[in-house]
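Under the numbering used here, the first residue of the sequence shown is numbered -8, with each subsequent residue one higher.
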Amino acid sequence: MARAMFNDRFEFERALWGRGLARVAGVDEAGRGPLAGPVVAAAAIFPARWVETGLPRELNGLNDSKQLTPRQREGFFYVSYRLR
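#1: Quick check: E49 and A32, are their CB atoms within less than 9 Å of each other?
#2: Taking V15 as part of the alpha helix (DSSP H), name the residues at either end of that continuous run.
#3: Starting from A32, trace the beta strand (DSSP E) in both directions and tell me its first and last residue.
#4: Could you tell me the distance, in whole angstroms, from the CA atom of S71 to the CA atom of A27?
#5: According to DSSP, A6 sits in a beta bridge with which residue or residues?
#6: Taking the alpha carbon of A35 as the reference point, which residue from A16, Q58, G11 has its own alpha carbon closest?
#7: What would DSSP say about G66, mapped onto helix, strand or coil?
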């Protein structure tokens, strides 16, 4: 029987939480790099319970920032600020 393909989006976070770490940050960067232009880097820490419960309803549709319009990015910024 073929094994079902399952991609655990929180594989690394689960391992760290399993070792007792309370806060795990996700880090990303965007830009052209130091030789071709500016770079912006950011880190985010989401509550561990979101792995089980999913993102809050207000964050439905949140994905890779390159797939969002500027207006959507701005909206998610303000929503995430209120959820802190």
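Glycine included, every Cβ here is placed at the ideal spot set by N, Cα and C.
Concretely, from the data shown:
#1: no
#2: Neither: V15 is in no alpha helix (DSSP H) and is coded neither H nor E.
#3: 30 to 35 is the extent of the beta strand (DSSP E) around A32.
#4: 31 Å
#5: DSSP, once it has assigned bridges, lists no residue as partnering A6.
#6: A16
#7: helix
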